[in-house]
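Residue numbers (my numbering), protein chains in the order written: chain A, 329 to 470; chain B, 329 to 470; chain C, 329 to 470. To keep things clear, I will list the structure first and then write my remarks on it.
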Amino acid sequence: MSTGLQEAQAGRTFIGRLPTDTDLVEEIERFCAENGVQAAWVSVVGAVRRAAYAYYNQTMLQYKEMASPRHHEITGFVGNVSIRDGRPFLHAHATFADINGESVAGHLLKGCVVWVAEVEIRELSGVELVRQHDELTGLALW
Amino acid sequence: MSTGLQEAQAGRTFIGRLPTDTDLVEEIERFCAENGVQAAWVSVVGAVRRAAYAYYNQTMLQYKEMASPRHHEITGFVGNVSIRDGRPFLHAHATFADINGESVAGHLLKGCVVWVAEVEIRELSGVELVRQHDELTGLALW
Amino acid sequence: MSTGLQEAQAGRTFIGRLPTDTDLVEEIERFCAENGVQAAWVSVVGAVRRAAYAYYNQTMLQYKEMASPRHHEITGFVGNVSIRDGRPFLHAHATFADINGESVAGHLLKGCVVWVAEVEIRELSGVELVRQHDELTGLALW
Numbered sequence: 329m330s331t332g333l334q335e336a337q338a339g340r341t342f343i344g345r346l347p348t349d350t351d352l353v354e355e356i357e358r359f360c361a362e363n364g365v366q367a368a369w370v371s372v373v374g375a376v377r378r379a380a381y382a383y384y385n386q387t388m389l390q391y392k393e394m395a396s397p398r399h400h401e402i403t404g405f406v407g408n409v410s411i412r413d414g415r416p417f418l419h420a421h422a423t424f425a426d427i428n429g430e431s432v433a434g435h436l437l438k439g440c441v442v443w444v445a446e447v448e449i450r451e452l453s454g455v456e457l458v459r460q461h462d463e464l465t466g467l468a469l470w
Numbered sequence: 329m330s331t332g333l334q335e336a337q338a339g340r341t342f343i344g345r346l347p348t349d350t351d352l353v354e355e356i357e358r359f360c361a362e363n364g365v366q367a368a369w370v371s372v373v374g375a376v377r378r379a380a381y382a383y384y385n386q387t388m389l390q391y392k393e394m395a396s397p398r399h400h401e402i403t404g405f406v407g408n409v410s411i412r413d414g415r416p417f418l419h420a421h422a423t424f425a426d427i428n429g430e431s432v433a434g435h436l437l438k439g440c441v442v443w444v445a446e447v448e449i450r451e452l453s454g455v456e457l458v459r460q461h462d463e464l465t466g467l468a469l470w
Numbered sequence: 329m330s331t332g333l334q335e336a337q338a339g340r341t342f343i344g345r346l347p348t349d350t351d352l353v354e355e356i357e358r359f360c361a362e363n364g365v366q367a368a369w370v371s372v373v374g375a376v377r378r379a380a381y382a383y384y385n386q387t388m389l390q391y392k393e394m395a396s397p398r399h400h401e402i403t404g405f406v407g408n409v410s411i412r413d414g415r416p417f418l419h420a421h422a423t424f425a426d427i428n429g430e431s432v433a434g435h436l437l438k439g440c441v442v443w444v445a446e447v448e449i450r451e452l453s454g455v456e457l458v459r460q461h462d463e464l465t466g467l468a469l470w
């Protein structure tokens with residue numbers, strides 16, 4: 329497995345809806361912390377009352393943070409949970425569509441306010457995914 | 329599990345391609361009905377000859393329906409199946425790219441005509457996901 | 329299973345990060361070839377230093393290839409692995425966001441240069457997914 333991928337086992341699967349007006353990122357991280365989920369793949373079907381997202385500047389090695397105060401459908405979502413600073417951390421990217429079908433997109437930040445969020449958290453066991461500082465990218469990676 | 333997420337078991341996994349010119353939503357729902365799939369997470373890699381999608385107006389509590397008669401690649405897709413009005417119901421959001429790489433996106437409606445749709449339906453068992461009217465949002469939710 | 333979907337079994341699950349500056353498509357295909365993965369569903373959370381993507385013209389039956397030399401977040405990703413010409417082949421579509429939160433999207437081509445790519449490859453066993461020429465669409469399909 330030369331590329332650094334490791335084999336994981338299927339763990340528990342959790343499904344359900346997050347409460348309206350909670351923080352999308354915080355709520356998923358809190359659920360994982362409370363239920364001992366240390367590694368997972370995460371998917372969301374839903375909408376937000378406000379979108380908060382970022383673009384990582386690969387030259388400056390820093391995030392540019394953005395937000396949209398409008399209501400958005402989440403029309404693309406890829407995410408995972410692993411350990412950062414000793415706690416479950418959600419790393420997710422999403423696309424947010426507006427009333428005209430146009431969208432903004434980026435790295436998910438805290439500050440996305442849930443309207444409806446149907447979430448699947450598919451736990452991966454048998455692996456240790458711990459984020460640590462990566463010199464090359466400036467990011468916390470496994 | 330304070331946020332309302334419940335634990336599910338992995339059920340069957342179905343994979344394959346939907347016929348060209350069928351309705352993307354109807355075909356997935358029909359497959360689930362015929363095969364007794366009552367809860368599932370769904371993913372699609374494909375393209376459509378026509379896109380139909382919506383934006384839910386969180387103030388008016390109603391959908392604004394939109395359509396694009398152009399051919400589109402499906403470049404983001406998140407979806408699940410649960411029970412609504414006694415039958416399997418697909419709730420999915422998607423991003424549809426056009427010939428210039430630009431996209432429209434929203435809540436998937438019936439009316440998306442399949443060009444190619446490679447579908448995975450990953451059943452979840454041991455859970456009851458039944459949509460019922462939610463006062464706060466005006467939507468049919470679990 | 330009238331629509332052509334078949335039942336698969338859950339196989340192995342691989343998770344990890346692809347090296348920076350590798351080719352996103354080639355690296356996933358190489359991993360699958362080296363590890364005997366013949367069918368899988370694939371997801372990626374990450375960013376690229378360059379995006380390469382295409383739109384399939386359903387009238388002309390040919391791909392229009394595009395590229396963006398900018399850095400992008402991958403904000404939507406759906407993909408699978410199956411066999412084409414005797415080897416594991418990645419079919420994936422993705423959305424790529426830029427520094428303004430705007431995005432381009434399409435069918436993933438070789439030429440996407442990895443900045444960070446956190447990948448899950450969820451193997452499907454018990455199925456044979458072999459791509460062959462399809463007259464109607466001009467594509468290699470199962």
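We treat Cβ as the ideally placed atom computed from N, Cα and C, and that holds for glycine.
Against chain A, the beta carbon of residue 432 of chain C has no neighbour under 9 angstroms; the closest one sits roughly 10 angstroms away.
Fewer than three pairs of CB atoms, one per stretch, sit closer than 8 angstroms, so the region 350 to 362 of chain A makes no contact with the region 334 to 354 of chain C. When the beta-carbon positions are compared, residue 402 of chain C and residue 372 of chain C come within less than 8 angstroms of each other. According to the DSSP secondary-structure assignment, residue 394 of chain A is paired through a beta bridge with A:381.
The continuous stretches of beta strand (DSSP E) do not include residue 353 of chain A, which lies in the alpha helix (DSSP H) extending over residues 352 to 363.
Here residue 393 of chain B is exposed: its Cβ has fewer than 16 other Cβ atoms, across all protein chains shown, within 10 Å. Against chain C, the CB of residue 456 of chain A has no partner CB under 8 angstroms away; the residue lies outside that interface. With a cutoff of 8 angstroms on beta-carbon distance, residue 443 of chain A and residue 348 of chain A are scored as near each other. For residue 369 of chain B, the nearest CB of chain A lies under 8 angstroms from its own CB, placing it at the interface with that chain. For residue 366 of chain A, no beta strand (DSSP E) encloses it, and the DSSP letter there is neither H nor E. Residue 438 of chain C does not reach chain B, its nearest Cβ partner there being about 17 angstroms away, counting only Cβ pairs nearer than 9 angstroms.
By the criterion of at least three beta-carbon pairs nearer than 8 angstroms, the region 380 to 391 of chain A is not in contact with the region 456 to 463 of chain B. In this chain, the beta strand (DSSP E) harbouring residue 444 of chain B covers 441 to 453.
For residue 404 of chain C, the enclosing beta strand (DSSP E) covers residues 400 to 412. In the DSSP secondary-structure assignment, residue 374 of chain B is bridged to B:402 and B:445.
In the structure shown, residue 341 of chain C adopts extended strand secondary structure according to DSSP, grouped into three states. Cβ neighbours of residue 457 of chain C within its own chain (closer than 7 angstroms, five residues either side excluded): 367, 410, 411 and 470. Residue environment analysis places residue 414 of chain B among the exposed positions, since fewer than 16 neighbouring C-beta atoms fall within 10 angstroms of its C-beta. For residue 415 of chain B, the enclosing beta strand (DSSP E) starts and ends at 415 to 425.
Within chain C, the residues whose beta carbon sits less than 7 angstroms from that of residue 403 of chain B are 404, 421, 422, 423, 433 and 434, listed in sequence order. Within 8 angstroms of the CB of residue 388 of chain A, no CB atom of chain C is found; the nearest one sits about 10 angstroms away.
For residue 385 of chain A, the chain C residues whose C-beta falls within less than 9 angstroms of its own C-beta are 399 and 427, listed in chain order. In the structure shown, residue 386 of chain C falls within a coil segment according to DSSP collapsed to helix, strand and coil.
At least one C-beta of chain B is nearer than 8 angstroms to the C-beta of residue 469 of chain C. If you compare the alpha carbons of C:351, C:436 and C:375 with that of residue 382 of chain A, the shortest gap goes to C:375. Annotated three-state conformation of residue 335 of chain A is strand, per DSSP.
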